[in-house]
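The sequence shown begins at 1 in the UniProt record's numbering and counts up by one. Below you'll find the structure, written out as structure tokens, and then a few comments.
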Amino acid sequence: MSEPNSSTAVRAPQDGTDDADPAARLFVAMSRLNRMLRREAPALLGHSSVAALATIVWFGPLRSGDLASREGVSAPTMTRVVAGLETAGYAVREPDPADGRASLIRATPEGEQLINGNRSARLHVLRDRVAALTPEHRAALFAALPALDALGATEE
Numbered sequence: 001m002s003e004p005n006s007s008t009a010v011r012a013p014q015d016g017t018d019d020a021d022p023a024a025r026l027f028v029a030m031s032r033l034n035r036m037l038r039r040e041a042p043a044l045l046g047h048s049s050v051a052a053l054a055t056i057v058w059f060g061p062l063r064s065g066d067l068a069s070r071e072g073v074s075a076p077t078m079t080r081v082v083a084g085l086e087t088a089g090y091a092v093r094e095p096d097p098a099d100g101r102a103s104l105i106r107a108t109p110e111g112e113q114l115i116n117g118n119r120s121a122r123l124h125v126l127r128d129r130v131a132a133l134t135p136e137h138r139a140a141l142f143a144a145l146p147a148l149d150a151l152g153a154t155e156e
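The following block contains the structure:
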């Protein structure tokens, strides 16, 4: 029996997590996958800006406070992120038709294009990685998708 390729071999976590803890293993695997995707298909913006812009693109115009809540950051942090998106031309503030005192943040066509292009590039990398898995690993991954979807589901 040959040695597994070092790039595809499953390695024990190096961060002190218990290899027998499925949640810890999932956390480490997801973190590694996200880092790999960011490295192989980098975005033009930082992670926080991309995440906020993607939320705006996927959920439509949002108030800054609602966006901060969805992203799990403070209102001042989101104000800085949105200001950067506005300066870059990826988002604009518009009056909230339901409350003239408030504003909604909307993605510009350039912002939508950036998110869709970034997603497309990362999907391309991920599709290549999935195709390189063994048939057994692909089947296990596909079988796990409903559970992964349930883990990520929100009560919105």
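Even for Gly, the Cβ is constructed at its ideal location relative to N, Cα and C.
Excluding five sequence neighbours on each side, which residues of the same chain lie with their C-beta closer than 6 Å to the C-beta of residue i?
| i | result |
| --- | --- |
| E112 | V57 |
Helix, strand or coil: how does DSSP classify residue i here?
| i | result |
| --- | --- |
| D149 | helix |
| A131 | helix |
| A23 | helix |
Cα separation between residue i and residue j?
| i | j | result |
| --- | --- | --- |
| E86 | L33 | 30 Å |
| D66 | L141 | 33 Å |
| E71 | S49 | 10 Å |
| S74 | G117 | 28 Å |
| H137 | A102 | 49 Å |
| I105 | L45 | 17 Å |
| L126 | L37 | 7 Å |
| T55 | R119 | 13 Å |
| T108 | L114 | 10 Å |
| L100 | R93 | Going by the sequence as given, residue 100 is Gly instead of Leu. Each residue's alpha carbon lies about 12 Å from the other. |
| H47 | P146 | 26 Å |
Please classify residue i: is it buried, with 16 or more other beta-carbons within 10 angstroms of its beta-carbon, or exposed?
| i | result |
| --- | --- |
| V82 | buried |
| M78 | buried |
| A132 | exposed |
| S64 | buried |
| A91 | buried |
| A68 | buried |
| A43 | buried |
Counting only the same chain and skipping the five closest in sequence on each side, list residues whose C-beta sits under 7 Å from that of residue i.
| i | result |
| --- | --- |
| P95 | S103 |
| T98 | According to the sequence as given, residue 98 is Ala; it is not Thr. So the list is empty, once near-sequence residues are dropped. |
| A121 | A41 |
Excluding sequence positions up to five away, which residues of its chain have a Cβ less than 8 Å from the Cβ of residue i?
| i | result |
| --- | --- |
| L53 | L45, L85, Y90, A91, A107, G111, L114 and I115 |
| L62 | T55, I56, R70, L104 and I105 |
| A51 | E71 |
task = Identify every run of the alpha helix (DSSP H) within the segment 37-116, keeping only runs that are complete inside it and at least 4 residues long; order them along the chain.
result = Listed in chain order, the alpha helix (DSSP H) runs fully inside the segment 37-116 are 47-59, 64-71 and 75-88, counting runs of at least 4 residues.
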